[in-house]
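What follows is one structure encoded as structure tokens, with my remarks underneath.
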Amino acid sequence: MKIMDHLMYQREVKIDSAKRHTKLAKRQRPDFVHKIIVAFGQSKLRKFQAGERSQTEDAEVENSKPGGWWF
């Protein structure tokens with residue numbers, strides 16, 4: 001697989017993941033928690049679509065996830 005194809009595929013997977021978690025969040029959690037998660041998922045989705053994500057931001061998001069609670 002070419003490098004560009006692979007990168008585009010990775011980006012699509014991340015966008016799909018952000019959309020899926022935004023949809024699923026409501027069924028599993030209380031309202032106030034759901035609002036936080038939806039806002040987080042939508043902000044991630046916007047950043048992926050705009051291509052604004054930097055390496056340091058990726059590291060900050062990874063480190064801020066408390067034990068896979070967000071996703």
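Residues in the sequence shown are numbered from 1 upward in steps of one, following the UniProt record's numbering. Each residue gets a CB set at the ideal place from its N, CA and C atoms; glycine is no exception.
Between the C-alpha atoms of residue 55 and residue 35, what's the straight-line distance to the nearest angstrom? Residue 55 sits at position 55 when you count from the first residue of the sequence shown. Residue 35 sits at position 35 when you count from the first residue of the sequence shown. Note that residue 55 scores 47 on pLDDT, short of 50, meaning its location in the model is unreliable; the coordinates nonetheless yield the value given after this. Pairing residue 55 with residue 35, the inter-Cα distance amounts to about 27 Å.
Taking only the alpha-carbon atoms, compute the straight-line gap between residue 41 and residue 12 and give it to the nearest angstrom. Along the sequence shown, read from residue 1 onward, the residue named residue 41 stands at position 41. Along the sequence shown, read from residue 1 onward, the residue named residue 12 stands at position 12. Looking at the two C-alpha atoms, the distance is approximately 15 Å.
Can you give the Cα-Cα distance for residue 5 and residue 17, rounded to whole angstroms? If you number the sequence shown from 1, residue 5 lands on position 5. If you number the sequence shown from 1, residue 17 lands on position 17. Each residue's Cα considered, the two are about 18 Å apart.
Where residue 54 falls: helix, strand or coil (DSSP): Here the question's residue 54 lines up with position 54 in the sequence shown. Because residue 54 sits at a pLDDT of 49, beneath the cut-off of 50, its placement in the model cannot be relied upon, and the following sentence gives the value as read from the coordinates. If DSSP states are grouped into helix, strand and coil, residue 54 belongs with coil.
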